[in-house]
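Each remark here refers to the structure printed beneath this line.
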Amino acid sequence: MQALYDMYSGALLGVIARIIQHQEIAEDVLQETFIKIWNSSTHYDASKGRLFTWMMNIARNLAIDKVRSKDFRNTAKNQDIENNVDSIDAQSKITFNADILGLKDMVTALKPEFHTVLDMVYFKGYTHIEAAEELNLPLGTVKTRIRMAILELRKYFN
Amino acid sequence: MEEVKAYIESGILELYVLGQLTRSEQEEVEAMAARHPEIQTEITAIELAMEEYALQNAIAPSASLDQKILSSLSSLQSHQEEPKAEQNPPRPEASVVSLAQHQPADSRVRSLRIALAACAALLLISLVALFSAHSKLSEAENQIASLSSQNQKFAATVGFMKDHNQDLQKIADMTADPAWKIVKLSGTKMDPQAKMTVYWHAAGKHVMVDNSKMNLPVNDQTHQYQLWALVNGKPVDLGVFDVKSDTSHLLLNMKEIGVAQAFAVTLEKRGGSPSPTMEKMIAMGGVSI
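Protein sequence lines correspond, in order, to chains A and B. Everything in the first sequence is counted per this note's numbering, starting at 15 for the first residue and increasing by one. Everything in the second sequence is counted per this note's numbering, starting at 19 for the first residue and increasing by one.
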């Protein structure tokens, strides 16, 4: 578990923290994520996918659940004035927070709009259907753009 | 392997890795991957890319967090048995919940407040409208009531006028018709001012009293005037009548008589008497032939 933590805590927190701007809460969710991974490790099927993909989906779903929980909204409301900016971001800018915890600029030949769709789905907790509505694009176009973006990443990482 | 290629190019594998598919769609992808190794290879390649992408965008947790998480995990471990990793139940479905449903609490409160204010304003407007409608309605009802009472009055007046006219016409006819005898009764010593007119149709035996040509004092509740015909010296009762200040009919039908030499009126007790009280005779007149 120590090895798992060392290897993936940063990557998982990267996803959680872009959905939940509040550092402490994001780290709480990271802890919940590891507990859930631990408790449901019997549900992981190596033949169906990589471990990280599975952990990533757990982390993202917990983060989204948290953002939508009443508890979280109340916490965000009760913050000190110094933290107001954060709490406002956390409450209303979940969908537009890329600039605050900026995603690393990938040197790819890809057009930015292709990445936008992928980042919305991968890092910001959108479903691809919501992303299509938000960007006012047909669902087919969103699927194509996600595929193009991932193809580009594959090329880039090889 | 056109089918496999098209399947890969459809983009469904990317959505699968991103946890965007429903349970049944997931199972379909897993079945396809089990049948076609190329699809499994493609999925792994996508996963690796996404993994690398996440690692590139990693955020380091606070230094103390690892101890906190690992200690909470080891306390969990002491409470439960080693989980069996070789069990392979289906991978849990990623729950997809709409983000758009989640409104920030503040703006929801604000919009609720606006809605409340709008409701209150609407209620106020409705009340004012209701009140004005109500007052207009009662005004209209009053108008209808007064119009209908006016209408009734007119109808009564018209009815009265019609009767009156009919009676006047009859009087005019009777005066012109020689078969009708006009008998003028004049006052006796009881009231020298008294006078009245009786129309008599001897052949038809009709007797009528003309209210318009009558000058008798108004009788009280216990008395009535009684008309008599003198037939060969004997008085014959022709019925009773009232004299009121506001008579509605000009003509009054009395009992029939075929033969008479004179008519007389006495004041009797209410309902009349079998024979006239001579000292109460107020008017009389003979029939001129």
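Even glycine gets a Cβ: it sits at the ideal position worked out from N, Cα and C. Just so we're clear, the structure is a prediction, and the values are computed from it rather than from any experiment.
None of the residues of the segment 127-154 of chain B has a beta carbon lying less than 9 Å from any beta carbon of chain A. If you check each beta-carbon in the segment 21-50 of chain A against every beta-carbon of chain B, the ones closer than 7 Å belong to S23, G24, A25, L27, G28, V29, A31, E41, L44, Q45, F48, I49. Inter-segment contact for the segment 195-209 of chain B and the segment 247-257 of chain B is absent: fewer than three beta-carbon pairs are separated by less than 8 Å. At a C-beta separation below 9 Å, Q85(B) has no neighbours in chain A, since its nearest C-beta there lies roughly 10 Å away. The three-state reading of DSSP puts I34(A) in coil, since its state is none of H, G, I, E or B. Q161(B) is outside the set of residues whose beta carbon lies under 8 Å from a beta carbon in chain A.
Contact of T62(B) with chain A by beta-carbon distance below 9 Å involves G63, R64.
Within the same chain, K202, D228, K231 come within 6 Å of T215(B) by CB-CB distance, once the 5 residues on both sides are set aside. If only complete runs of 3 or more residues are kept, the segment 147-228 of chain B shows the beta strand (DSSP E) at 198-205, 213-219, in order along the chain. DSSP, reduced to helix, strand and coil, places N233(B) within a strand of the structure shown. Counting only the Cα atoms, Q161(B) lies some 15 Å from K171(B).
In the DSSP assignment, the residues bridged to K287(B) are H241(B). Residue state for K252(B) is assigned as strand, using DSSP reduced to three classes. Between M68(B) and chain A, the shortest Cβ-Cβ separation is below 8 Å. Three or more beta-carbon pairs separated by less than 8 Å are not found between the segment 73-81 of chain B and the segment 36-46 of chain B, which leaves the two stretches without contact. Under the three-state reduction of DSSP, V258(B) is assigned to strand. Taking a C-beta distance under 8 Å as the contact criterion, V22(B) and E56(B) qualify as a contact pair. One Cα belongs to N75(A), the other to R82(A), and the distance between them is close to 11 Å. The C-beta distance from A67(B) to I164(A) rounds to 6 Å, short enough to fall under 8 Å.
The C-alpha of S156(B) is placed about 48 Å away from the C-alpha of Q242(B). With fewer than 16 other Cβ atoms inside 10 Å of its own Cβ, G251(B) counts as exposed.
Just measuring C-alpha positions, the residue of Q85(B), Q279(B), A220(B), L145(B) sitting nearest L44(A) is Q85(B).
At a cut-off of 8 Å between C-beta atoms, P79(B) counts as an interface residue with respect to chain A.
One finds A67, E70 in chain B with Cβ atoms closer than 7 Å to the Cβ of F171(A), taken in chain order. From the beta-carbon of L167(A), the residues of chain B found nearer than 8 Å are A67, M68, E70, Y71. For A73(A), the enclosing alpha helix (DSSP H) has its first and last residue at 65-82. Residue pairing from DSSP places W246(B) in a beta bridge opposite D255(B), A282(B). When Cβ pairs closer than 8 Å are counted between the two stretches, the segment 176-193 of chain B is seen to touch the segment 261-281 of chain B, the count reaching three or more.
DSSP places G154(A) inside the alpha helix (DSSP H), whose first and last residues are 153-171. Taking the Cα positions, G290(B) is about 13 Å away from M272(B). Under the 10 Å beta carbon count, H129(A) is surrounded by 16 or more other beta carbons and is classified as buried.
Relative to M15(A), the option among S89(B), R288(B), Y217(B) whose CA is nearest is S89(B). Within chain B, the residues whose beta carbon sits less than 8 Å from that of T158(A) are G29, listed in sequence order. Residues of the same chain with a CB within less than 6 Å of the CB of I78(A), apart from the 5 flanking positions on each side, are G139 in chain order. Counting along the chain, no alpha helix (DSSP H) covers A60(A), and no H or E run does either.
In the three-state DSSP reduction, I26(B) falls in the helix class (H, G or I).
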